[in-house]
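Residue numbers (the working numbering), protein chains in the order written: chain V, 13 to 112; chain G, 1217 to 1404; chain C, 268 to 357; chain S, 177 to 286. By construction, the Cβ of each residue, glycine as well, lies at the ideal position given by its N, Cα and C atoms.
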Amino acid sequence: MMTLLDNVGMLCIFMGLPFFLTGTVGLLRFPDIYTRLHALTKADNVGLGLITLGLSLQADNLFIVAKLILIWILVLIASSASCHLVARSAIQKNIHPWVK
Amino acid sequence: MEQLLNGLRSFIVQKNIHLSIHGHAYLGRSVLLRFLLFSAVWFVLTGSDTASWIIGLPAVFLAIGISHVISPYPSAPLSFIGVCSFLPFFIRQSALSGIDVMRRALCRQLAVNPGLVSYTTFLPEGSARIFFVNTISLLPGTLSADLQEDRVTVHTIDKNLAIWANMQNLELRIAILWRVKLHKREAL
Amino acid sequence: MSYLHTSCAFIILCAIAAGMIRILQGPTAADRMMAAQLFGTCGVAILLLLAKGLDTIVLLDIAMVFALFAALASITFVRRAWHEQTGASR
Amino acid sequence: MMPYSILTAFDIVLISTLLWLAWKMLRSEDLFKAVVLFISFGLLMALAWVRMRAPDVALAEAAIGAGLTGPLFLSALRRMERLHKDERRVNIDEERKSETIFHTQQKETP
C-alpha cells in the first residue's frame, strides 16, 4: 500500500523529529531566558512544520490537509507572539542577557 | 547586495508606491474579507456538515465584530506578488533558523554569543509593523524582544550575524507585501 | 494502525519527559513557563502523529485546542502572574 | 506484535511522567512551580485520555484542565501575592509608627 508519496511524507516526519529533540536540548543547555526562547520557538516550529508537511503528503483528502495547515499556522502565530511577550517583559524587568 | 537593498529602499521611500489608505473607503471590503476568512476557518473546522452553519454563521459574525473592535483600521489587501515572493523567503528562512538553532544546541561548546541590538523601523504603525515584529522571531538568530514606538529591540543569538542587513531585507519585503510606504522620520 | 507514526510520537514524548527538568530546576518563572509551552508544541505534534497512527481524525481538534491553549497560558502568565517577586529572585 | 510494543513503551513513559509530575506538584513549596506543573499535568493527562480511547474527555481535559484552570490559577496566584504584599506593608507601617512614637517619647523624656 505504501506509495511514493507516503514514503516522502514519512521521510519528512523523520526529518522533523531531530528538531523537536534539539529544541529540548537547547532549552536545557542554553544559558539564559532569551537564548532558550530562541531554541523553543525556532526548532519546534520547524519540527512541527516538517511533521505537518509529511502528514499532509500522506493525508486521505484535502480537508485534513487544510486542517493540518491551519493548526501549523495557529501554532506559528501563538509561539511567535508569546515568545515576543515573554522576551518583552523580561527586558522590562531588567533581566540582562547572558554575555560570553 | 546591501547597496542594492538600500537603493530599492530609498526608491520606495521616495516614489510613494502605495495606495493611500483612508479608513472608511476600505471598510466594506475589509468586512467582506474577514467574512470570507472566518467562514473558511469554520469550514475547515467543521467539515462539509451543513447543519453546523446554524452555529457557524453567528460565530462568524461575532468574530467579525470582535476583530473590528480589536483592530479597527482596515488595511489594504496584501499584494499578490508580495505573497508569492514572501512565502518562499519565509519558509526558507525559518528552515534555516531551525537548522541554525540545532547546530548551536548540539555544538560541544555552546556556540552562542548573544546580545541586544536596537533597530529603528521605517514601517508605519499598524498591522505591517506588528507582522514585522512577529516575523523577526522566526528568522535565523534573531528574536524581537521589545517594541517602543518605532524602535525594535532585537535579541540576537550571535553578534557576528549580519543583523542590520537582514532586518532591512525583511522590512523591504514586508513593505511590498502589505503595500505600505517606508516612511522616514524627521529626526533621522 | 501504523507503528512508524506511533514510534515517532514516542520519541517526541521522550523530548517532553526531558523538558520536565527545566520546569523543576528553571531559575526564573519564565523558564518554567517556557517549558510548559514546549509541552504544548510537542503535545500538538504527538496528537497529529497519533491521529494518523491510531486512525482517529478527532485528535486534530484536540491538537487545535492545545495550540490555542499555549498562547492563552503564556499571555496570562505575562500579564497576570510574572511580576517582580517571581522575577529574577526565584 | 511491533505496534503493540511501541504503544506499550509510549504508555509506560506517559504514565511514569504523569506520576512524577503529580508527585513533584504535590511536594513543591513554590506555588508558581506547582501551577506550571499542574498545567503540564493537564496536557499529559489529555494525552493519557487519548490513549484510553476517550478523545471527548481529552478535549475537555485540554480545554478545561489545562487551558482554563491553569490561567485562572495564575491570576489567583497574583492576587494572593498582592494580598500578602499589602499585609506586609501594613505591618511595616505599624512598625514605623511605633518606632516614631518610641523616638518622640525618647526625645521628650530627657
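Cβ separation of residue i and residue j, assumed to be a contact under 8 Å, to the nearest whole Å
i	j	result
Ala-340(C)	Ile-215(S)	6 Å
Leu-86(V)	Leu-317(C)	That belief does not hold up - the Cβ atoms of Leu-86(V) and Leu-317(C) are roughly 18 Å apart, past 8 Å.
Ile-25(V)	Cys-309(C)	Between Cys-309(C) and Ile-25(V) the Cβ distance is about 14 Å, and since that is not below 8 Å, they are no contact.
Met-287(C)	Leu-223(S)	Their Cβ separation, rounded to whole angstroms, is 14 Å, which puts Met-287(C) and Leu-223(S) out of contact at 8 Å.
Val-211(S)	Gly-246(S)	7 Å
Leu-219(S)	Phe-277(C)	About 17 Å; that fails the 8 Å criterion.
Phe-1254(G)	Ala-1279(G)	5 Å
Ile-89(V)	Ala-1361(G)	Not confirmed; about 18 Å, so no contact.
Leu-207(S)	Leu-248(S)	Actually they are not in contact, since the Cβ atoms of Leu-207(S) and Leu-248(S) sit about 14 Å apart, beyond 8 Å.
Val-1299(G)	Leu-1339(G)	Not confirmed; about 17 Å, so no contact.
Leu-314(C)	Val-233(S)	In fact, because the Cβ distance is near 14 Å, the residues do not count as touching under 8 Å.
Leu-305(C)	Leu-80(V)	With 8 Å as the limit, Leu-305(C) and Leu-80(V) do not qualify as a contact, their Cβ atoms being about 21 Å apart.
Phe-1348(G)	Thr-1337(G)	6 Å
Phe-295(S)	Thr-273(C)	Any property of residue 295(S) remains undetermined from this structure, which presents chain S solely from 177 to 286.
Residue i to residue j span [Cα, whole Å]
i	j	result
Ala-239(S)	Ala-303(C)	15 Å
Ala-55(V)	Ser-94(V)	15 Å
Asp-322(C)	Arg-203(S)	38 Å
Val-98(V)	Leu-1249(G)	32 Å
Ser-1295(G)	Gly-1272(G)	29 Å
Val-58(V)	Ala-78(V)	18 Å
Val-325(C)	His-1371(G)	39 Å
Ser-356(C)	Ala-296(C)	Annotation note: pLDDT 37 at Ser-356(C) (below 50); position unreliable, coordinate value reported separately. Computed Cα separation, rounded: 9 Å.
Ser-1301(G)	Arg-1389(G)	8 Å
Leu-1322(G)	Thr-15(V)	34 Å
Ala-236(S)	Ala-1344(G)	36 Å
Leu-23(V)	Leu-29(V)	10 Å
Glu-1365(G)	Leu-1386(G)	19 Å
Ser-1236(G)	Arg-1245(G)	Note that Ser-1236(G) scores a pLDDT of 42, beneath 50, so its modelled location is shaky and nothing firm can be said.
Ser-181(S)	Ile-290(C)	30 Å
Asn-73(V)	Trp-1394(G)	32 Å
His-1238(G)	Leu-1398(G)	At His-1238(G), the pLDDT of 47 sits below 50, so the modelled position is not reliable; the number obtained from the coordinates is stated separately. One C-alpha to the other measures close to 17 Å.
Ile-1315(G)	Ala-1327(G)	13 Å
Glu-257(S)	Glu-263(S)	10 Å
Thr-1262(G)	Asp-1374(G)	44 Å
His-50(V)	Val-1317(G)	7 Å
Thr-184(S)	Gly-320(C)	14 Å
Ile-191(S)	Gly-293(C)	23 Å
Arg-1308(G)	Ile-1286(G)	32 Å
Thr-1369(G)	Ile-1270(G)	46 Å
Lys-105(V)	Ile-1392(G)	35 Å
Ala-1267(G)	His-1284(G)	27 Å
Arg-41(V)	Ser-1264(G)	47 Å
Val-1257(G)	Leu-244(S)	23 Å
Phe-1305(G)	Leu-195(S)	44 Å
His-96(V)	Leu-82(V)	21 Å
Arg-1182(G)	Val-37(V)	A query on residue 1182(G) cannot be resolved here, the shown segment of chain G reaching from 1217 to 1404 and no further.
Leu-259(S)	Asp-298(C)	25 Å
Ala-1383(G)	Tyr-270(C)	First, the amino acid is wrong: residue 1383(G) is Met here, not Ala. Rounded to the nearest angstrom, the two C-alpha atoms are 44 Å apart.
Ile-1297(G)	Leu-1303(G)	10 Å
Thr-193(S)	Glu-205(S)	20 Å
Leu-1363(G)	Ala-230(S)	44 Å
Glu-1341(G)	Lys-112(V)	35 Å
Asn-1376(G)	Ile-342(C)	32 Å
Asn-19(V)	Ala-71(V)	12 Å
Ala-1381(G)	Pro-1274(G)	46 Å
Phe-1277(G)	Ala-338(C)	23 Å
Beta-carbon gap between residue i and residue j smaller than 7 Å
i	j	result
Leu-250(S)	Ala-348(C)	yes
Ser-1313(G)	Arg-1367(G)	no
Pro-1356(G)	Thr-47(V)	no
Ala-312(C)	Ile-63(V)	yes
Leu-1354(G)	Ser-1310(G)	yes
Leu-69(V)	Leu-33(V)	no
Gly-66(V)	Gly-21(V)	yes
Ser-92(V)	Val-345(C)	no
Val-189(S)	Leu-280(C)	yes
Trp-110(V)	Pro-43(V)	yes
Met-301(C)	Leu-60(V)	no
Met-201(S)	Leu-213(S)	yes
One or two residues paired with residue i in a DSSP bridge
i	result
Leu-1363(G)	Val-1368(G)
Asp-328(C)	Beta-bridge pairing links Asp-328(C) to no other residue.
Asp-1374(G)	Asn-1329(G)
Closer than 7 Å to chain A by CB, residue i
i	result
Arg-347(C)	Although the question refers to chain A, the structure presented lacks it and instead comprises the protein chains V, G, C and S.
(request) Within the segment 1246-1293 of chain G, note down every full alpha helix (DSSP H) run reaching 4 residues or more, in order along the chain. (result) Counting whole runs of 4 or more residues, the segment 1246-1293 of chain G contains the alpha helix (DSSP H) stretches 1269-1286.
(request) Within the segment 1313-1363 of chain G, note down every full beta strand (DSSP E) run reaching 3 residues or more, in order along the chain. (result) Whole beta strand (DSSP E) segments, 3+ residues: 1331-1336.
(request) At 4 residues or longer, and completely inside the segment 28-80 of chain V: list those alpha helix (DSSP H) runs for me, N to C. (result) Whole alpha helix (DSSP H) segments, 4+ residues: 45-50, 56-70.
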